[in-house]
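Numbering (this note's numbering), first residue to last: 121 to 222. Where a beta carbon is used, it is the ideal one built from N, C-alpha and C, also for glycine. All values reported here derive from a predicted model rather than from experimental measurement. All remarks here apply to the structure that follows.
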Amino acid sequence: MYACICAAVTEGQVRACIEAGAGTAEEIGERCGAGTGCGSCLDRLDVLLDPPAALDPPAGVDRPMLSEGLAVSDRPVVRHQPLVLDQPAALDESSPDRRHAA
Numbered sequence: 121m122y123a124c125i126c127a128a129v130t131e132g133q134v135r136a137c138i139e140a141g142a143g144t145a146e147e148i149g150e151r152c153g154a155g156t157g158c159g160s161c162l163d164r165l166d167v168l169l170d171p172p173a174a175l176d177p178p179a180g181v182d183r184p185m186l187s188e189g190l191a192v193s194d195r196p197v198v199r200h201q202p203l204v205l206d207q208p209a210a211l212d213e214s215s216p217d218r219r220h221a222a
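Structure below.
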């Protein structure tokens, strides 16, 4: 997902800047350009810099840093089959829904 549309910077790139030492939106902008355009992403950069406590893992649960790889979900992977729609039945000439040019 993009964190900054103007500079085409993803959230992953912003997190990498933070892990590399960026501590403010300005420092992120210096490293990757995010937040240096229109400024509409500055609130998002602030959230990435200081995520709400609700996003923190529970006590005793370690979550790897981005440089160590992404955490693997414990949820099962659900693979969906493509939806195949039946073809509509052809209307015959006697059908009341059939439209004829006059």
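Exposed unless 16 or more other CB atoms sit within 10 angstroms - verdict on residue i
i: A123; result: buried
i: V167; result: exposed
Residue i and residue j closer than 7 Å at C-beta
i: A145; j: A127; result: no
i: V134; j: I125; result: no
i: C137; j: C152; result: yes
Residue i versus residue j: straight-line alpha-carbon distance, rounded
i: D170; j: A142; result: 12 Å
i: V159; j: E150; result: The sequence given here has Gly at residue 159, not Val. In a straight line, the C-alpha of G159 is about 14 Å away from that of E150.
i: E131; j: L165; result: 9 Å
DSSP beta-bridge partners of residue i
i: C124; result: V129
Own chain, CB closer than 6 Å to residue i, minus 5 neighbours either side, in chain order
i: A140; result: none
Residue-chain proximity (residue i, chain B), Cβ-Cβ < 7 Å
i: R135; result: Included in the structure is just one protein chain, with no chain B present.
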